[in-house]
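Below is one structure, written out as structure tokens; comments come after it.
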Amino acid sequence: MSDVEPERVGPRLGVVNTSFMMGGALGLAVLASLAAARTDVLLSSGAGSLVALNGGYHVAFAVGAGFAAAAALLGAALLRAGAPAPTQERVSVTSCERATPGATSRR
Amino acid sequence: MYAIVNGNEAGWRSVQTIGLLATAGALLVIFLGIEARVRAPLMPLGLFRQRNVATANVVGVLWAAAMFAWFFISALYLQLVLGYEPAAGRPRLPAVQPDHGRLLARPFRQDGHAFRHQGAAQPRDCCCAAAGLALFALAPVDGSFVAHVLPGMTLLGLGAGMAFNPCCCSPP
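As they're listed, the protein sequences go chains P and A.
Quick note: the first sequence uses the working numbering, first residue 1, plus one each step.
Quick note: the second sequence uses the working numbering, first residue 1001, plus one each step.
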């Protein structure tokens, strides 16, 4: 959030929160559908109901692990930890520094 | 969302599924078109020009897609496969406790140091969560709590809890 000018913190947090909600809903929909599809396949091939159910959940957990691993890869490749943004100067010399003394340690 | 949830029943190539997905896509394009033109947009698209903001959004979607689905599906696993009673909350404590412990231990801070530290640790935390999910993907039908549920849940609680802050607050 410190990449963003103070007046844009609200929209930026809103956007990230929307991403969370959307990601959660989308992920649940996709993974639950995958699990149900896999369970149906296993049931029709003669597996027991518990085994089929568990097989469906395994697919969902495995794909979920893939999502988390992709998030780790993306973060490692693209997130710049501690790199000052062009707007950083503006943030530190305007409202932030005066409002919160702790903000001076950001540079 | 409706298209995906009902995709299995209606069929992935059905008119309903394809029509709903196409409509959603068209609405998204119209929304972005309007946001790019109006003077005071609800969602300033310029935010996404900052690489960290754009990346944090995509990471947040992936993180939430994995975690929110896990909450739901792991409860189904505990209840329907392992036979726990529906209201059983105790088996989930290992995930909850580190999760909130981490959030309390590293509260939302305004100075850049915490963000910097968390941003650097984000890949490690997401890997931790991925490992927990992978353990759940191996859990057998007759799994025991200590051997098959506890390790994955602890890894998920730690990893997901720690990865949440850098996604949500965006590292500098």
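Every residue, glycine too, gets a C-beta built ideally from N, C-alpha and C.
When you compare the segment 1044 to 1063 of chain A with the segment 42 to 50 of chain P, are there three or more beta-carbon pairs, one atom per stretch, that lie closer than 8 Å?
no
Could you tell me which whole alpha helix (DSSP H) segments of length 4 or greater appear in the segment 1018 to 1086 of chain A?
1051 to 1076, all fully within the segment 1018 to 1086 of chain A.
Figure out for me which residue from P:Leu74, P:Leu78 and P:Arg80 has the closest Cα to the Cα of Cys1126 of chain A.
P:Leu74
Under 8 Å between beta-carbons, which chain P residues line up against Tyr1077 of chain A? List them in chain order, please.
Asn54 and Tyr57
Give a yes or no on whether 8 Å exceeds the smallest Cβ distance from Ile1034 of chain A to chain P.
no
Any beta carbon from chain P within less than 8 Å of Thr1055 of chain A's own beta carbon?
yes
Can you confirm whether Ala85 of chain P, when its beta carbon is compared against all beta carbons of chain A, has any partner nearer than 8 Å?
Here Ala85 of chain P scores only 45 on pLDDT, less than 50, and its place in the model is too uncertain to base an answer on.
Those runs of the alpha helix (DSSP H) which lie wholly inside the segment 5 to 76 of chain P and span at least 4 residues:
Fully contained in the segment 5 to 76 of chain P are the following alpha helix (DSSP H) runs of length 4 or more, in chain order: 9 to 44.
Residues that Phe1145 of chain A contacts on chain D, provided the C-beta gap is smaller than 9 Å:
Any reference to chain D falls outside this structure, whose protein chains are P and A.
Using a Cβ-Cβ cutoff of less than 6 Å, which residues in the same chain neighbour Ala1139 of chain A once the five nearest sequence positions on both sides are dropped?
His1148
Distance between beta carbons of Ala71 of chain P and Val1059 of chain A, contact taken as under 8 Å
Rounded, the Cβ-Cβ distance is 5 Å, consistent with contact.
Can we say the segment 32 to 41 of chain P touches the segment 8 to 21 of chain P, given the rule of at least three CB pairs closer than 8 Å?
no
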